[in-house]
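Read through the structure below, which is laid out as structure tokens, and then see the notes.
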């Protein structure tokens with residue numbers, strides 16, 4: 230599955246200035262936001278888990294750290310693909 234993602238990313242990043250790759254990353258970012266981040270935020274604010282202290286190291290490592298890594302990877306790849314589009318369109322020579 231990872232090989233398919235890497236092959237798709239390489240093919241899309243070299244097609245039409247990398248715009249399809251940027252759109253692919255935007256769709257992944259929106260899906261991650263609406264399927265993971267937003268429901269997790271609503272559940273944590275709903276009051277269902279009042280007995281769970283979120284101010285401890287175990288909760289931060291088990292829930293917060295993987296969520297942070299997912300957010301940084303998802304939105305970071307979207308930003309990198311946007312910069313790649315600008316680089317290819319305007320021939321800036323960044324990378």
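Residue numbers (the working numbering): 230 to 324. A virtual CB, placed ideally from N, CA and C, is assigned to each residue, including glycine.
Inset, instruction - Determine the DSSP secondary structure at residue 242, reduced to helix, strand or coil. - result: It is helical.
Legend entry - Stretch pair the stretch 284 to 291 + the stretch 232 to 239: three plus CB contacts closer than 8 Å: With contact defined as three or more Cβ pairs closer than 8 Å, the stretch 284 to 291 and the stretch 232 to 239 are not in contact.
Legend entry - Stretch-stretch touch, CB-based, cutoff 8 Å, three pairs: the stretch 306 to 322 with the stretch 249 to 265: Taking 8 Å as the limit for Cβ pairs, the verdict is that the stretch 249 to 265 does touch the stretch 306 to 322.
Legend entry - residue 303 versus residue 280 - alpha carbon distance: Residue 303 and residue 280: Cα-Cα distance of roughly 31 Å.
Legend entry - C-alpha distance - residue 274 paired with residue 305, whole-angstrom precision: Answer to the nearest angstrom: the Cα atoms are 26 Å apart.
Inset, instruction - Take residue 325 and list the residues in its own chain whose beta-carbon comes closer than 6 Å to its own, dropping the five residues that flank it on each side. - result: The requested residue 325 is not part of the displayed model; the chain covers only 230 to 324.
Legend entry - Sequence-distant residues of the same chain with beta carbon closer than 7 Å to residue 264, five excluded per side: Contacts found: none.
Legend entry - residue 236 - DSSP class collapsed to helix/strand/coil: Residue 236 falls in the helix class under three-state DSSP.
Legend entry - Residue environment, residue 242, which counts as buried when at least 16 other CB atoms sit within 10 Å: Per the 10 Å Cβ criterion, buried.
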